[in-house]
């Protein structure tokens, strides 16, 4: 028969019993006598049923675990495995097969990961992240600012989407068991993006006054250039650029609607001068393939410029836009390396030159980087009226907008532009003047 006694030091009750010729002594993990008596009764009943054959001890089972749990457990209960948020992201990145994700997409995921780890904590248990916790994250991020601007709800949604994707991957691989707690989250309402506006419309709105710098910048982000303005801007680039590839690069983007990344990705064989068309290598259209292609017919200007660039000035190599010139302040293309910065930088000219050495790793016919392309965009427009343009994307939506103004079939615009969203179409659909005019005349006459 089992018996219990209180340990004089810990004051907890222990139970003693014999089974199968062996004596057992175990802690009941309680200092309350009534609880100890209750547990003793349960254990005694289980032992009695084992002796009478009403129960059978499973093969390999631990007797104490079995009788303590009233037959529900055959071994020691394992503590639940704690999966931290940092561990989940690390597993996701390390176990992703090479080539599954573009470098830009992976960089974006890392940015989102850093914000999630910073706010929620790298060691927070994934199991403890609830919908309420994520709502708190959204609320905190909504108060944050980047470059003086409050984060948009769209940016925060992308961060939560990244978490959901990584979480679902973890569930598929048995790292987490629950569904991501993202259902029911609330976001601040977004401001509707304005439709694309003409240069003159933006100047009128700005001229009325009362707009903040942020609002003015948003307006210029929505500008589309007429074909005449595109020609004027390209002429400015032609006459002021000092590096040979810059003008062809601008013409290529302006007359094909290519994205910056697609322009950088372009290769010499993509420029078919005989057929007068350009192959655009795209990444966003089909996620199951590394690249897909679309084709855009060459305008007369693009054909002339590309013939001159590829036939007379191109430095060689497979990439359409590249250069091998020395760039004094470039991290990759300068003549020397070893330049120092920061608090420990030498103050004398001799001291600063002591760390310099000739650069042996300056790239040859390497493609432009995103930063290089953007630098050249801003540099060549600097000091002109075109400096208000925010980036190469202005030529992409100007390409679509000008086609819309000329009543080009929407299917053909989609074909030239590649992957398009309905939201983007709505931003320039108001530029179909003939259709709107005909609709009014059909109703009211004229």
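In this note's numbering, the protein residues as written are 1055 to 1500. All residues carry an ideal CB built from backbone N, CA and C; glycine is no exception. Predicted model, so just to flag it, every value in this text is computed and none were measured.
Quiz item: Looking at the unbroken alpha helix (DSSP H) that takes in residue 1349, where does it start and where does it end?
Solution: Along the chain shown, read from residue 1 onward, the residue named residue 1349 stands at position 295. First-last for residue 1349: 1346-1351, but that is the beta strand (DSSP E), not the alpha helix (DSSP H).
- Item | Contacts around residue 1223, its chain only, beta-carbon distance under 7 Å, and the 5 residues preceding and following it disregarded | Here the question's residue 1223 lines up with position 169 in the chain shown. The residues are 1146.
Practice task
Measure the alpha-carbon distance for residue 1155 versus residue 1346 and round it to whole angstroms.
Solution key: Translated into the one-based positions of the chain shown, residue 1155 becomes position 101. Translated into the one-based positions of the chain shown, residue 1346 becomes position 292. Approximately 15 Å, taken between the alpha carbons.
query = alpha helix (DSSP H) containing residue 1068: first to last residue?
reply = Locating residue 1068 in the chain shown gives position 14, where the first residue counts as 1. No alpha helix (DSSP H) contains residue 1068, which is instead part of the beta strand (DSSP E) from 1067-1073.
Can you check which of these residues, 1266, 1058, 1469, 1443, is closest to residue 1251 by C-alpha distance? The count along the chain shown starts at 1 and reaches residue 1251 at position 197. Comparing Cα positions, the closest option is 1443.
If we call anything under 8 Å between Cβ atoms a contact, is residue 1180 one with residue 1239?
The residue you call residue 1180 lines up with position 126 of the chain shown. The residue you call residue 1239 lines up with position 185 of the chain shown. No; because the gap between Cβ atoms is not below 8 Å, this pair is not in contact.
Quick check on DSSP: helix, strand or coil for residue 1111? Sequence index remark: in the chain shown, residue 1111 carries index 57 (1-based). In this structure, residue 1111 counts as coil in the three-state DSSP scheme.
- Message: For a test of the three-state rule: what should DSSP assign to residue 1219, helix, strand or coil?
- Response: Reading the chain shown from its first residue, position 165 is the one you call residue 1219. Three-state result, residue 1219: helix.
Checklist entry - Straight-line CA distance for residue 1119 to residue 1129? => result For the purposes of this step, residue 1119 is taken as the residue at position 65 of the chain shown. For the purposes of this step, residue 1129 is taken as the residue at position 75 of the chain shown. Just so you know, the alpha carbons of residue 1119 and residue 1129 end up roughly 6 Å apart.
Through-space distance from residue 1166 to residue 1318, alpha-carbon basis: Your numbering for residue 1318 matches position 264 in the chain shown. Your numbering for residue 1166 matches position 112 in the chain shown. Going from the Cα of residue 1318 to the Cα of residue 1166 covers about 25 Å.
Report task. Look up residue 1422 in the DSSP assignment and say whether it is helix, strand or coil. Result -> Within the chain shown, residue 1422 is the residue found at index 368, counting from 1. Note: residue 1422 maps to coil in three-state DSSP.
| task | Check each candidate in 1093, 1228, 1055, 1083 and name the one with the smallest Cα separation from residue 1135. | result | Along the chain shown, one-based indexing puts residue 1135 at 81. Taking only the C-alpha atoms, the option nearest residue 1135 is 1228.
#### Entry: Nearest neighbour of residue 1189, chosen from 1199, 1173, 1403, 1177 [CA to CA]
Within the chain shown, the letter at position 135 stands for residue 1189. Nearest option by C-alpha distance: 1173.
Nearest candidate by alpha-carbon position, reference residue 1358, set 1369, 1376, 1371, 1327:
The residue you call residue 1358 lines up with position 304 of the chain shown. The residue with the shortest Cα to Cα distance from residue 1358 is 1327.
Query raised in the report: In terms of alpha-carbon separation, which member of 1321, 1253, 1312 lies closest to residue 1471?
Result: One-based indexing of the chain shown puts residue 1471 at position 417. Ranked by how close their Cα comes to the Cα of residue 1471, the residues 1321, 1253, 1312 have 1312 in first place.
Closer than 7 Å to a non-hydrogen atom of the ligand FAD - does that hold for the CB of residue 1447? As far as ligands go, the structure on display features none, and thus does not contain the ligand FAD.
- Can you tell me where the alpha helix (DSSP H) with residue 1282 in it begins and where it stops? Reading the chain shown from its first residue, position 228 is the one you call residue 1282. Element bounds for residue 1282: 1281-1294.
**Message:** Is the beta carbon of residue 1277 closer than 8 Å to that of residue 1434?
**Reply:** Mapped onto the chain shown, residue 1434 falls at position 380. Mapped onto the chain shown, residue 1277 falls at position 223. No. Outside cutoff.
Decide if the region 1103-1111 is in contact with the region 1085-1092; the criterion is three or more beta carbon pairs, one per stretch, under 8 Å apart. The way I'd put it, the region 1103-1111 doesn't touch the region 1085-1092; fewer than three beta-carbon pairs between them come closer than 8 Å.
### Query
Thinking C-alpha only, which one of 1429, 1395, 1362 is nearest residue 1298?
Working through the chain shown from its first residue, we reach residue 1298 at position 244. Here the closest residue by C-alpha is 1362.
Is DSSP giving residue 1517 helix, strand or coil here? No statement about residue 1517 is possible, as the shown extent of the chain runs from 1055 to 1500 and does not include it.
Open item on the list: For a quick check, are the C-beta atoms of residue 1375 and residue 1410 less than 8 Å apart?
Closed with: Indexing the chain shown from 1 puts residue 1375 at position 321. Indexing the chain shown from 1 puts residue 1410 at position 356. No, these two residues do not count as a Cβ contact at 8 Å.
Original post:
If you count every other CB in all the chains shown that lies within 10 Å of the CB of residue 1343, and 16 or more means buried, which is it?
Top reply: Residue numbering aside, residue 1343 sits at position 289 when the chain shown is read from its first letter. That one is exposed.
Check your understanding: Given residue 1056, which residues of its chain have a CB within under 8 Å of its CB, disregarding the five upstream and five downstream residues?
Key -> Taking the chain shown and counting its residues from 1, one reaches residue 1056 at position 2. Only 1069, 1070, 1071, 1094, 1097, 1098, 1101 meet the Cβ criterion.
For this session: Assuming residue 1083 contacts residue 1066 (C-beta within less than 8 Å), just tell me the rounded distance between them.
Result: Counting from one through the chain shown, the residue named residue 1083 turns up at place 29. Counting from one through the chain shown, the residue named residue 1066 turns up at place 12. Right, their Cβ atoms sit about 6 Å apart.
Query - Limits of the alpha helix (DSSP H) - the one that residue 1015 falls within - result: There is no way to answer for residue 1015, as the model of the chain reaches only from 1055 to 1500.
Residue 1260 - containing alpha helix (DSSP H), residue span:
Residue numbering aside, residue 1260 sits at position 206 when the chain shown is read from its first letter. Note, residue 1260: alpha helix (DSSP H), 1253-1261.
Checklist line | Residue environment, residue 1160, which counts as buried when at least 16 other CB atoms sit within 10 Å | finding: One-based indexing of the chain shown puts residue 1160 at position 106. By the 10 Å Cβ count, residue 1160 comes out exposed.
Cutting at 8 Å between CB atoms, please list the residues of its own chain near residue 1175, excluding the five before and the five after it.
Reading the chain shown from its first residue, position 121 is the one you call residue 1175. Excluding sequence neighbours, residue 1175 sits near 1139.
Could you name the residues that DSSP lists as bridge partners for residue 1204? The sequence position of residue 1204 within the chain shown is 150, counting from 1. DSSP lists 1199 as partners of residue 1204.
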